[in-house]
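Participant:
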Amino acid sequence: MGITTIDPRLDRREFVSALIDAIPDALIVSGLGSASYDVFAAGERDRNFYLWGAMGGAVPVGLGLALAQPQESVVVITGDGEMLMGIGSLGSAAVSAPENLTIVVLDNGHFGETGMQRSHSGLGARLSEVAAGFGIPDVIEIDTLDHVDSLAATINRREQLTFVQAHITVTEPPRALPPRDGVAVKNKVRAALGFDTF
Numbered sequence: 002m003g004i005t006t007i008d009p010r011l012d013r014r015e016f017v018s019a020l021i022d023a024i025p026d027a028l029i030v031s032g033l034g035s036a037s038y039d040v041f042a043a044g045e046r047d048r049n050f051y052l053w054g055a056m057g058g059a060v061p062v063g064l065g066l067a068l069a070q071p072q073e074s075v076v077v078i079t080g081d082g083e084m085l086m087g088i089g090s091l092g093s094a095a096v097s098a099p100e101n102l103t104i105v106v107l108d109n110g111h112f113g114e115t116g117m118q119r120s121h122s123g124l125g126a127r128l129s130e131v132a133a134g135f136g137i138p139d140v141i142e143i144d145t146l147d148h149v150d151s152l153a154a155t156i157n158r159r160e161q162l163t164f165v166q167a168h169i170t171v172t173e174p175p176r177a178l179p180p181r182d183g184v185a186v187k188n189k190v191r192a193a194l195g196f197d198t199f
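Per the working numbering, residue 2 is the first one in the sequence shown, and the count goes up by one each step.
(1) At what residues does the alpha helix (DSSP H) containing F199 begin and finish?
(2) Within the continuous beta strand (DSSP E) that includes D22, where are the two ends?
(3) Count the CB pairs spanning the region 185 to 192 and the region 139 to 152 that are closer than 8 angstroms, and state whether there are at least three.
(4) Do the region 84 to 96 and the region 39 to 48 touch if we need at least three Cβ pairs shorter than 8 angstroms?
(5) Extract the residue ranges of the beta strand (DSSP E) inside the region 87 to 160, only unbroken runs of 3 or more that lie entirely within it.
(6) Assign R13 to one of two classes, buried (16 or more other C-beta atoms within 10 Å of its C-beta) or exposed (fewer than that).
(7) Quick one: Cα of G183 to Cα of T145, how far?
(8) Strictly under 7 angstroms for the Cβ-Cβ distance: is A153 near chain D by that measure?
(9) Rounded to whole angstroms, what's the CA-CA distance from M2 to R127? Just pull it up for me.
(10) Give the DSSP-derived three-state secondary structure of G82 in the structure shown.
(11) Rounded to the nearest angstrom, what separates E83 and S97 at their Cα positions?
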C-alpha cells in the first residue's frame with residue numbers, strides 16, 4: 002500500500018482569516034508559533050487565547066475550555082508539528098468527546114519554528130487517520146477554501162467532536178506577534194465569557 006499524497010493549495014493566512022470570519026462567536030485557542038501568528042493576523046479578538054512556548058498544549062487547553070463551557074464553540078488552531086508533539090491529547094479528546102470542540106491542524110508537513118525541517122506528516126504520517134484511530138467521530142481533510150463555509154457550519158452547530166487536517170502550502174508569512182502577557186490574555190478571555198479577572 003503506497004502513501005497517498007495531497008497537493009496542498011491552501012494559503013494559511015487566507016484560510017485562517019476566512020474561517021475566523023465565518024465563526025465570529027467561537028472561542029479560539031491557537032498553538033504556539035505560526036498558528037498564533039495566523040490567528041492574530043486575522044484580527045485581535047477578545048475570544049482568542051494564544052499559547053506561547055507550550056508545545057503540545059493547544060488541544061488540552063481547548064479540551065478543557067470545551068468541557069467547562071459546553072454552550073460555546075471552541076476551536077483549536079494549531080500546526081502539524083505541535084499536534085505531533087501532543088498527539089496523545091487526541092485520545093483524551095476522543096474519550097471526552099465534547100460536541101463543541103473542533104481541532105484544526107494547519108499541516109504543511111514541516112516544523113516551521115525550528116527551521117522548516119520536514120515533519121512526520123511530511124514524511125508520510127496521516128494525521129487524519131491517527132485522529133480517526135483515536136476514535137474522533139468526525140474527521141475532515143481539506144485543501145481548498147471551498148470547504149470553509151461547510152466547516153464553519155459544522156463548528157457553529159456544535160454537534161460532534163471534529164478533527165480537521167487543513168493541507169496548507171509551505172510558506173512563511175511575516176510574523177504577526179500576539180500579546181505575550183499570559184495573564185492579560187487569560188483575563189481578556191475570562192472577561193469575554195463574563196467571568197471576573199484576577
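For each residue, glycine too, the CB sits at the ideal point set by N, CA and C.
Facilitator: With the structure as the only source:
(1) Here F199 belongs to no alpha helix (DSSP H), and DSSP marks it neither H nor E.
(2) From DSSP, D22 is part of no beta strand (DSSP E) but of the alpha helix (DSSP H) over 13 to 23.
(3) By the criterion of at least three beta-carbon pairs nearer than 8 angstroms, the region 185 to 192 is not in contact with the region 139 to 152.
(4) By the criterion of at least three beta-carbon pairs nearer than 8 angstroms, the region 84 to 96 is not in contact with the region 39 to 48.
(5) Taking only runs of at least 3 residues, the beta strand (DSSP E) segments lying wholly in the region 87 to 160 are 102 to 108, 139 to 143.
(6) Buried, because 16 or more other Cβ atoms sit within 10 Å of the Cβ of R13.
(7) For G183 and T145, the distance between alpha carbons rounds to 33 angstroms.
(8) No chain D appears in this structure, which consists of one protein chain only.
(9) Note that M2 scores a pLDDT of 36, beneath 50, so its modelled location is shaky and nothing firm can be said.
(10) Helix at G82.
(11) Straight across, the Cα-Cα distance linking E83 with S97 is about 21 angstroms.
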